[in-house]
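To keep things clear, I will list the structure first and then write my remarks on it.
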Amino acid sequence: MSHTKGKSIKEIFTLIAQGVCTQADAKAEFTARLAREGKGPGWYARYEKAIAGLTNEVADPVKFAFASADKPAKAPAKGNPLSKLTKAQLIAFIEAQAK
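Per the working numbering, the sequence shown starts with residue 134, numbered consecutively.
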């Protein structure tokens with residue numbers, strides 16, 4: 134478990150892939166981190182998902198740990214339609230709006 138101390142979730146999964154630490158070591162570290170107080174709900178959710186990723190052997194456990202099912206997908210921001218106008222077109226548009 135000493136290899137996992139102070140490492141991020143991504144680094145720990147990389148160590149598992151390299152054979153430096155075992156899944157049991159990683160699970161013990163993630164479980165110990167869940168016992169910490171004062172962290173936000175997203176932080177706890179990441180570590181719970183990291184443990185689930187270990188036990189279920191998902192294809193990309195790091196992506197699984199950081200995925201959020203409760204957040205709605207954001208719509209892409211709409212561009213400014215006036216940004217594509219030339220200077221002359223913009224002036225004409227402004228003058229038309231002023232009338």
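Backbone N, C-alpha and C define an ideal beta-carbon position, used for all residues, glycine too.
Query	Result
Go through the region 136-205 residue by residue and report every complete run of the alpha helix (DSSP H) that reaches 4 residues or more, in order.	142-151, 156-167, 174-189, 194-199
In the DSSP assignment, find the unbroken alpha helix (DSSP H) run with K217 in it and report its ends.	Per DSSP, K217 belongs to no alpha helix (DSSP H) and is neither H nor E.
How many whole angstroms separate the CB atoms of V191 and F199, which I take to be in contact at a CB cut-off of 8 Å?	V191 to F199, Cβ: 12 Å. No contact.
Would you say the region 168-178 touches the region 222-231, given that touching needs at least three Cβ pairs under 8 Å?	no
Give me the Cβ distance between T137 and I145, rounded to the nearest whole Å; I'm assuming they're in contact under 8 Å.	5 Å
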